[in-house]
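Chemist: In this text, residue positions in the sequence shown follow full-length UniProt numbering: the first is 1, and each later residue adds one. Think of the CB as a built atom: it goes at the ideal place given N, C-alpha and C, for glycine as much as any other residue. These figures come from a predicted structure and were not determined experimentally. One structure coming up, written as structure tokens, with questions to follow.
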Amino acid sequence: MQSLLCYDLAPNHGSALLIDGDLSMRKSLLALHQTGHGAALVISSSARSPIGMITVTDCLRAVVVASSIDPAIGDRSIRDFIKVYGKKKLIAATINMSVWDAARLVCLNHVHRIPVFQTDDNGKLTDILYTLSLRRIFHETIIKLISIDAYCGEAIDKFVTGKMSCIAVIDDRNTMLGKISKNDIMRELVEHSNNYLEIVNIPVKVHNSFVAGIHWSGRLLATTVEGLHFCY
1 MQSLLCYDLA PNHGSALLID GDLSMRKSLL ALHQTGHGAA LVISSSARSP IGMITVTDCL
61 RAVVVASSID PAIGDRSIRD FIKVYGKKKL IAATINMSVW DAARLVCLNH VHRIPVFQTD
121 DNGKLTDILY TLSLRRIFHE TIIKLISIDA YCGEAIDKFV TGKMSCIAVI DDRNTMLGKI
181 SKNDIMRELV EHSNNYLEIV NIPVKVHNSF VAGIHWSGRL LATTVEGLHF CY
């Protein structure tokens, strides 16, 4: 890993999403969902420099902020959101950084992904090449659960505080019915873009996609939820 460079891990056909810092949170949410990216680099179009990163978790955090602190957060710029509610500063790597050093950056700064930039002759960051991410799989022995009768607001709280991408959905007999993911919440947010706070009071069981792949055949829970993993 010390001899392997970040450039060596660049995908052959990859893409990175860039969002102008002056774009509203509402439009940023739509852009993130429609492109299918899990994260985007927020840039200052005037200074042509990176400001920070926005992820699906940030979009869910914005819902929490809107419901409890600032109802108008959806119309504020993503720049303002990062400045006030951003949890971490931008951590970046360069194409000439070793994968070992990039992994240390991820671990030391407790982030899940870092953008990898090209540099000019002076070592200044220029264009983003791709986003390097590390995936943690079941680092906890206890699987997070949510009742089929729960509301999406409870699921959002679990996603934001628990740092996970999927939650197992169970019935009153603790039988697993399926799972709900961050992307399920994002799809529902897009359908309620005029009033995104409505999602807080929507039951988890409203959409079949929220409980995809409903099945139970008596297998152990650990083998049934092999698709559940802790990642961003």
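1. Expressed to the nearest angstrom, what Euclidean distance is found between the alpha-carbon atoms of Asp75 and Thr161?
2. Between the alpha carbons of Gln118 and Thr94, how many angstroms are there, rounded?
3. With distances taken Cα to Cα, identify the nearest neighbour of Lys205 among Ala155, Ser193, Lys27 and Val190.
4. Does DSSP classify Leu5 as helix, strand or coil?
5. Between Ser28 and the rest of its own chain, which residues show a CB-CB distance below 7 Å, the 5 nearest in sequence each way excluded?
6. Identify, in the order they occur along the chain, each residue of the same chain with its Cβ nearer than 6 Å to the Cβ of Asn48, setting aside the five sequence neighbours on each side.
7. Using CA coordinates, which residue listed in Met97, Ala16, Ile170 and Arg113 is at the minimum distance from Ile91?
8. Could you compute how far the alpha carbon of Val56 sits from the alpha carbon of Met176?
9. Helix, strand or coil, according to DSSP, for Thr175 in the structure here?
10. Run through DSSP, which three-state label would Met186 get?
11. Taking the straight line between their C-alpha atoms, what separation do you get for Lys87 and Gln34?
12. Distance cutoff 8 Å, beta carbons only. Does Met186 sit that close to anything in chain B?
13. Among Gly153, Asp171, Gly21 and Tyr85, which residue has its Cα nearest to the Cα of Leu189?
14. Report back the beta-carbon spacing between Ile51 and Ala62 to the nearest angstrom; my notes put them in contact at under 8 Å.
15. Looking at the unbroken alpha helix (DSSP H) that takes in Ser102, where does it start and where does it end?
16. Asn96 and Tyr7 - do their beta-carbons sit closer together than 8 Å?
17. Using the Cα positions of Phe159 and Val200, report the straight-line distance between them to the nearest angstrom.
18. Around the Cβ of Cys107, are there at least 16 other Cβ atoms within 10 angstroms (buried) or fewer (exposed)?
19. Look at Ala168 and Lys179 and say whether their C-beta atoms are less than 8 Å apart.
Modeler: Straight from the coordinates:
1. Residue mapping note: residue 75 aligns to position 75 of the sequence shown, counting from 1. Residue mapping note: residue 161 aligns to position 161 of the sequence shown, counting from 1. Going from the Cα of Asp75 to the Cα of Thr161 covers about 24 Å.
2. Residue numbering aside, residue 118 sits at position 118 when the sequence shown is read from its first letter. Residue numbering aside, residue 94 sits at position 94 when the sequence shown is read from its first letter. Per the coordinates, the alpha-carbon of Gln118 lies some 6 Å from the alpha-carbon of Thr94.
3. The sequence position of residue 205 within the sequence shown is 205, counting from 1. Of the candidates Ala155, Ser193, Lys27 and Val190, the residue whose Cα lies closest to the Cα of Lys205 is Ala155.
4. Position 5 of the sequence shown, counted from the start, is the residue given in the question as residue 5. DSSP, reduced to helix, strand and coil, places Leu5 within a strand of the structure shown.
5. Translated into the one-based positions of the sequence shown, residue 28 becomes position 28. Excluding the 5 residues flanking it on each side, Ser28 has same chain C-beta neighbours closer than 7 Å at Ile19, Ile54 and Ile78, in chain order.
6. The count along the sequence shown starts at 1 and reaches residue 48 at position 48. The identity of residue 48 in the sequence shown is Arg, whereas the question assumes Asn. If we look at Arg48 and ignore the five residues flanking it on each side, it has no Cβ neighbours.
7. Translated into positions along the sequence shown, residue 91 becomes position 91. The shortest C-alpha to C-alpha distance from Ile91 to any of Met97, Ala16, Ile170 and Arg113 is the one to Arg113.
8. Taking the sequence shown and counting its residues from 1, the one referred to as residue 56 is at position 56. Taking the sequence shown and counting its residues from 1, the one referred to as residue 176 is at position 176. Answer to the nearest angstrom: the Cα atoms are 25 Å apart.
9. Translated into positions along the sequence shown, residue 175 becomes position 175. Of the three classes helix, strand and coil, the one that applies to Thr175 here is coil, per DSSP.
10. Here residue 186 corresponds to residue number 186 of the sequence shown, with the count starting at 1. Annotated three-state conformation of Met186 is helix, per DSSP.
11. One-based indexing of the sequence shown puts residue 87 at position 87. One-based indexing of the sequence shown puts residue 34 at position 34. If you take the alpha carbons of Lys87 and Gln34, they lie about 24 Å apart.
12. Absence of chain B from the displayed structure is noted, only one protein chain being present.
13. What you label residue 189 is simply residue 189 of the sequence shown in a count that begins at 1. Out of Gly153, Asp171, Gly21 and Tyr85, Gly153 has the C-alpha closest to the C-alpha of Leu189.
14. Counted from its first residue, the sequence shown places residue 51 at position 51. Counted from its first residue, the sequence shown places residue 62 at position 62. Contact between Ile51 and Ala62 is ruled out by a C-beta separation of about 16 Å, above the 8 Å threshold.
15. As a working note, residue 102 is residue 102 in the sequence shown. In the sequence as presented, Ser is not what sits at residue 102; that position holds Ala. Val99 to Asn109 is the span of the alpha helix (DSSP H), which, as asked, contains Ala102.
16. To locate residue 7, count along the sequence shown from 1; it is residue 7. To locate residue 96, count along the sequence shown from 1; it is residue 96. Yes, Cβ-Cβ distance for Tyr7 and Asn96 is below 8 Å.
17. In the sequence shown, counting from the first residue as 1, residue 159 sits at position 159. In the sequence shown, counting from the first residue as 1, residue 200 sits at position 200. In this structure, the alpha-carbon of Phe159 lies about 13 Å from that of Val200.
18. Taking the sequence shown and counting its residues from 1, one reaches residue 107 at position 107. Taking all protein chains shown into account, Cys107 has fewer than 16 neighbouring C-beta atoms within 10 Å of its C-beta and is therefore exposed.
19. Locating residue 168 in the sequence shown gives position 168, counting from the first residue. Locating residue 179 in the sequence shown gives position 179, counting from the first residue. Here Ala168 is near Lys179, since their CB atoms are less than 8 Å apart.
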